[in-house]
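Novice: This is the structure, below, for whatever I ask next.
Numbering (the working numbering), first residue to last: 11 to 302.
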């Protein structure tokens with residue numbers, strides 16, 4: 011049996027680590043915030059003092075971090091993963107970062123320590139992380155994917171190998187185009203319903219089974235109408251980061267992305283008006299106070 015480590019115990023990493031523990035796996039963990047680390051220790055994880063200690067103790071190292079800067083620091087910073095002899099070890103990075111950054115980090119880490127890399131961003135939000143229903147899209151070597159699959163499926167419903175390193179991140183960008191634009195469209199439809207004087211809370215029921223039905227419709231609209239933002243389904247800053255990455259990749263390969271561009275500007279407006287900590291579904295609030 012593989013030995014497991016987990017680095018990054020935020021909104022996604024904490025419930026994902028708990029699922030590994032609940033499945034009976036022994037997990038060593040590290041997090042910048044000691045409070046989050048204490049929470050997984052209560053669930054049975056072993057707390058370690060650095061990413062390097064996690065890498066030394068584990069054959070498979072899972073990570074879920076905020077952005078490429080955080081991934082770079084954990085891998086190549088003081089007491090980072092790259093400081094450990096890594097032959098036979100594989101890193102599974104659940105973070106959502108630029109495909110170019112993923113390829114660069116993976117190549118440099120393999121050259122320095124011998125560790126293999128799988129980019130495996132996730133979709134499904136904090137609810138999916140807690141319930142083990144995440145969709146995971148991966149880039150990397152087929153043998154490495156097969157090796158980590160049983161452990162990933164303790165945390166997710168689906169784990170799809172999309173191609174070589176970077177393919178998982180590119181697939182996640184496609185996901186974020188759909189999710190980001192859907193949030194904006196649902197906010198618009200919900201505000202229209204409210205301002206027209208109908209009960210927007212009943213939209214999910216009324217549209218269920220039709221072409222407009224979807225998991226986001228059923229989940230997001232009630233939260234928008236009733237201003238339910240805790241626990242957060244996702245941060246607006248993270249959505250904006252991902253949509254800006256979409257725009258960069260699209261520019262590099264000549265893909266027109268007008269809808270993603272508009273969604274990015276709406277989330278930029280949300281961040282400017284409601285702050286960096288705004289939950290993504292607060293995009294509904296941009297359309298103003300109800301007229302009904």
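Glycine included, C-beta positions come from ideal geometry on N, C-alpha and C. Computed from a prediction, not measured in an experiment: that's the story for all the values here.
(1) Are the beta-carbon atoms of residue 81 and residue 39 separated by less than 9 Å?
(2) For the alpha helix (DSSP H) that residue 195 lies in, which residues bound it at each end?
(3) Considering only DSSP beta bridges, list what residue 16 is partnered with.
(4) Look at the alpha carbon of residue 262 and the alpha carbon of residue 64, and state the distance between them as a whole number of angstroms.
(5) If you follow the alpha helix (DSSP H) that residue 230 is part of, which residue opens it and which one closes it?
(6) Using 8 Å as the cut-off, can you tell me whether the region 101 to 109 makes contact with the region 173 to 181, which would need three or more C-beta pairs spanning the two stretches below that distance?
(7) Exposed or buried, what is residue 61 when buried is set at 16 or more other beta-carbons lying within 10 Å of its beta-carbon?
(8) Run through DSSP, which three-state label would residue 271 get?
(9) In chain order, what residues of the same chain lie with their CB nearer than 6 Å to the CB of residue 252, ignoring the 5 residues before and after it?
(10) Going straight from the alpha carbon of residue 302 to that of residue 264, what length do you get?
(11) Between the region 191 to 202 and the region 168 to 176, do three or more beta carbon pairs fall short of 8 Å?
(12) Report the three-state DSSP secondary structure of residue 121 (helix, strand or coil).
(13) Would you tell me roughly how many angstroms separate the C-alpha atoms of residue 14 and residue 116, rounded to the nearest one?
(14) Using DSSP with H/G/I as helix, E/B as strand and the rest coil, what is residue 170?
(15) Given a cut-off of 9 Å on the beta-carbon distance, is the pair residue 296 and residue 276 in contact?
Specialist: Result, derived from the coordinates:
(1) no
(2) 177 to 205
(3) 39, 72
(4) 36 Å
(5) 225 to 235
(6) yes
(7) buried
(8) helix
(9) 106, 186
(10) Unreliable placement is indicated for residue 302, whose pLDDT of 41 sits below 50; no coordinate value is reported for it.
(11) no
(12) helix
(13) 19 Å
(14) strand
(15) yes
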